[in-house]
Structures are given as structure tokens and as C-alpha cells.
Amino acid sequence: KNQVEQSPQSLIILEGKNCTLQCNYTVSPFSNLRWYKQDTGRGPVSLTIMTFSENTKSNGRYTATLDADTKQSSLHITASQLSDSASYICVVSGLQAAGNKLTFGGGTRVLVKP
Amino acid sequence: KAGVTQTPRYLIKTRGQQVTLSCSPISGHRSVSWYQQTPGQGLQFLFEYFSETQRNKGNFPGRFSGRQFSNSRSEMNVSTLELGDSALYLCASSIETGNFGNSPLHFGNGTRLTVT
Chain A
24 KNQVEQSPQS LIILEGKNCT LQCNYTVSPF SNLRWYKQDT GRGPVSLTIM TFSENTKSNG
84 RYTATLDADT KQSSLHITAS QLSDSASYIC VVSGLQAAGN KLTFGGGTRV LVKP
Chain B
15 KAGVTQTPRY LIKTRGQQVT LSCSPISGHR SVSWYQQTPG QGLQFLFEYF SETQRNKGNF
75 PGRFSGRQFS NSRSEMNVST LELGDSALYL CASSIETGNF GNSPLHFGNG TRLTVT
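Top line first, the protein sequences correspond to chains A and B. Each residue of the first sequence is one higher than the last, beginning at 24 in my numbering. Each residue of the second sequence is one higher than the last, beginning at 15 in my numbering.
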């Protein structure tokens, strides 16, 4: 069964500090892995999309890494800001004969404190 | 460019009723997909439409249905509502012509459905 597991479920960090979120998946065959940021009461916003051949991708202070061999990804937030308080969702697209399927992780809720 | 627009923003219905949610994609986007988000199950894929055809479907009962119009606008219908259908329903559009390829999904802010 295709699964996406994220850790930790939640974390609290101080403004200005860095943090790293983890995503492990069993989806196979793999098409791409996406990270989304979801503010409370809003829809998710795309941060990065990585294909099999990409090891790292950045979007401002957000840097995602992908190890397709171990089926692991991480999202690193540098110099956190209060506006980084949100849920971060890892999504894996898997290749299937009937069309690619998206499998969602449960998300990591990040709270940045001043 | 306007983003993905979902209406209504909030909806309260009673068990047994049916509901129709609307989604207007970003101009030029022909792929529209729907998702259910609950605290317990997280985000789950409902279905995806492209050029008025359902191209992909998640594991939801037949009470959940949708359609897409020639202008790419989409509607989702839930019949015989149950308490467990209370959720945030999100719509996303993509410029992708392939099936969940390498283009990002652009989400609306959702319709929060409460079933009493």
C-alpha cells in the first residue's frame, strides 16, 4: 500500500532558528514529490516539486532534498519567521497504468514563536 | 491573474441532504481536481477532470460525484450527506495536460461543509 509518513507531527521553534521536516514514502513507481505550505483556513501553496533525478530544490528560505533510493525527503526552513507558522504537507505522485495518483502525508504543524 | 475560486466558502447542511460545490480554475488551466481534508484523515484525493472528462478517481463512494464544463469550471456534488462528510473541500487547478505531472497544483481556499 502506498504511504507517505511525515515527522514530527508538530514542532515549536523560535523565530530566527532553522528546522527540518521529514517525509518518508513507499509510493512506487515514483513520479515526483511535492511540498506544500498550508496556512490556517487557506488552501495549500506549492513550495517545491522534485522528480527522480533532482536531489535538492530551493524556494527562498525553503530547501527540499530528495533521496529516491531510500525514499526519503526533507524540507529545511532557514532563519524561520513568524509567517512560517503553518502546516507543511508532503505529497508523492505515483505512476499507475490508470493515471498518476497522489498520496498525501499527514502534515507537520510548525509554530514559530517570537 | 485571479487564483482558484471556490464557492460557497461555508455551508451547513443536514444529514440526508445533497450539496453542490463550485470551483473556477485559474484562466488557461484545464485540469481541475478535488480533495477532502479532515483532521483525522488529512488530505484525500476525490477526482480529477480534464477537458470535461473524469481522468482519475480516488477511493470515495458513489455519493461523491463531479463534472467539468467546457469553460473548465467544475462542480462537485455530494448526495445523501452523512455526518462524516463534514470537511474542508479543496479544489485545485493545474496547467498540466498530463496526469499529475510535474506542474504545481494551485489550490483554492476551500468550502467548509458542516453536516448536522
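We put the CB at the ideal spot given by N, CA and C, even for glycine.
Item                                                                                                                     : Value
8 Å Cβ cutoff met for G130(A) and Q45(A)                                                                                 : no
Minimum Cβ-Cβ distance from S69(A) to chain B less than 8 Å                                                              : yes
Chain B contact for R65(A) (CB, 8 Å cutoff)                                                                              : yes
According to DSSP, residues forming a beta bridge with N91(B)                                                            : T34(B) and S79(B)
Per-residue contacts from G130(A) into chain B (C-beta, under 9 Å)                                                       : G56 and L57
Listed by chain order, chain A residues near G124(B) by CB distance under 7 Å                                            : G66
For L57(B), the three-state DSSP class (helix, strand or coil)                                                           : strand
L97(B) versus C37(B) - alpha carbon distance                                                                             : 23 Å
S108(A), DSSP secondary structure in three states                                                                        : coil
C-alpha gap between P52(A) and L35(B), whole angstroms                                                                   : 33 Å
6 Å Cβ shell around V50(A) - same chain, five flanking residues per side excluded                                        : N25, V115, G117 and T126
Cross-chain neighbours of P118(B) in chain A, by beta carbon under 8 Å                                                   : R57, S69 and I72
Those runs of the beta strand (DSSP E) which lie wholly inside the region 96-130 of chain B and span at least 3 residues : 101-108 and 125-129
Positions along the region 15-36 of chain B whose CB lies within less than 7 Å of some CB in chain A                     : none
L104(B): contacting residues in chain A (beta-carbon distance under 8 Å)                                                 : G66 and P67
Proximal residues to Y63(B) (C-beta, below 8 Å), its chain only, five neighbours per side dropped                        : S45, V46, S47, R69, G80, R81, Q82 and S88
Residue-chain proximity (I112(A), chain B), Cβ-Cβ < 8 Å                                                                  : yes
Member of P75(B), F121(B) and F74(B) whose CA lies at the smallest distance from the CA of T19(B)                        : F121(B)
Alpha-carbon spacing of D99(B) relative to I26(B), whole angstroms                                                       : 11 Å
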